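A.B. asks:
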Amino acid sequence: MAGLAVNVDHIATLREARKSKYPDPVAAGILAEFAGADGVVVHLREDRRHIQDRDVRMLRNVVQTKLILEMASTAEMVGIALDVKPDVITLVPEKREELTTEGGLDLIVHKHTIAETVDTLQNSGIPVSIFIDADPEQIKLAHKIDASMVEIHTGTFCDASTADKKERAFNKIVDAVKLARKLKLGINAGHGLCYKTIKYFKGLFEIDEFSIGHSIVSRASLVGMEKAVQEMIRLIKTL
Ligand code: PXP
Numbered sequence: 021m022a023g024l025a026v027n028v029d030h031i032a033t034l035r036e037a038r039k040s041k042y043p044d045p046v047a048a049g050i051l052a053e054f055a056g057a058d059g060v061v062v063h064l065r066e067d068r069r070h071i072q073d074r075d076v077r078m079l080r081n082v083v084q085t086k087l088i089l090e091m092a093s094t095a096e097m098v099g100i101a102l103d104v105k106p107d108v109i110t111l112v113p114e115k116r117e118e119l120t121t122e123g124g125l126d127l128i129v130h131k132h133t134i135a136e137t138v139d140t141l142q143n144s145g146i147p148v149s150i151f152i153d154a155d156p157e158q159i160k161l162a163h164k165i166d167a168s169m170v171e172i173h174t175g176t177f178c179d180a181s182t183a184d185k186k187e188r189a190f191n192k193i194v195d196a197v198k199l200a201r202k203l204k205l206g207i208n209a210g211h212g213l214c215y216k217t218i219k220y221f222k223g224l225f226e227i228d229e230f231s232i233g234h235s236i237v238s239r240a241s242l243v244g245m246e247k248a249v250q251e252m253i254r255l256i257k258t259l
């Protein structure tokens, strides 16, 4: 069965909307773990629009499963990562003007700088996952630069407006997953996944872990974090 890593960024989004002290993403991470999540994910963005440095450091102290830090490949973030030592780092592209991460890292363009970051982090003992589109060239490059894992971007599939586009996007994910497995990369998948789209992944046993945030936090706002996480785990069990 694939694991579930719960991204709690949007608990912090709610907090930052009022610049208050609550709700606390640290508490949300603990509740996600209580509910059976296999990891807690936070994205420390350059503009600190949701997760703050204090959240990452506190989560490092309390998370007992796995703390996964999403970050851009910048000197500032590498410095923080080497200091905090999360269990896994997921390298993502980042633009200030985007609402959320809009696509995978382009390793054709950024191969050398990403390779350097992967080297630095992995030499310090932190396995690195690279968030990439479901594209065979990107998978091959992730393998070439020796990343431990890839996270396949599922956003295009989740956002597809027609059944035809959805099917095409999903077939690309399947091909990417099969190739990544052949290359012995760890395989995660995420972005835009919800309680409906997760069901498409039935039978795709090569995926090690799903990384899901917005849909779980949205559901948690109505039914509570533990129930929202447990419902998703139940769906993943049936895949
Ligand atoms: N994976 C990555 C690399 C992401 O950047 C995000 C969004 O922060 C997610 C997964 C989770 O996406 P969502 O919030 O749409 O579930």
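Heads up, the working numbering is the position in the sequence shown plus 20, with the first residue counted as 1.
Note that CB positions come from ideal geometry on N, CA and C, so glycine has one too.
All of these numbers come straight from a predicted model, not from anything done at the bench.
#1: Might you give, ordered along the chain, the residues of its own chain that have their beta carbon closer than 8 angstroms to the beta carbon of M78, omitting 5 neighbours on each side?
#2: Quick one, are the C-beta atoms of V108 and S149 less than 9 angstroms apart?
#3: Return yes when the C-beta of E171 is under 8 angstroms from any heavy atom of the ligand PXP, and no when it is not.
#4: With a threshold of 8 angstroms (Cβ to nearest heavy atom), would N191 be considered close to the ligand PXP?
#5: Quick check: the Cα distance between H30 and K164, rounded to an integer number of angstroms?
#6: D14: beta carbon under 8 angstroms from a heavy atom of the ligand PXP?
#7: Taking 8 angstroms as the cut-off, is the C-beta of T137 nearer than that to any heavy atom in the ligand PXP?
#8: Anyone know if the C-beta pair for V170 and F151 falls short of 9 angstroms?
#9: Using a Cβ-Cβ cut-off of 7 angstroms (strictly less than) and excluding sequence neighbours within five positions of A57, which residues of its own chain qualify?
#10: Pick from V28, R68, R188 and L34: whose alpha carbon is nearest that of V60?
#11: Could you tell me which residues DSSP puts in a beta bridge with E229?
#12: Around the Cβ of N208, are there at least 16 other Cβ atoms within 10 angstroms (buried) or fewer (exposed)?
C.D. replies: The answer reads as follows:
#1: V46
#2: yes
#3: yes
#4: no
#5: 34 angstroms
#6: It is not possible to answer for residue 14, since the shown part of the chain is limited to 21 through 259.
#7: no
#8: Yes, these two residues count as a Cβ contact at 9 angstroms.
#9: L24, A25, V26, T85 and V249
#10: V28
#11: G23 and N208
#12: buried
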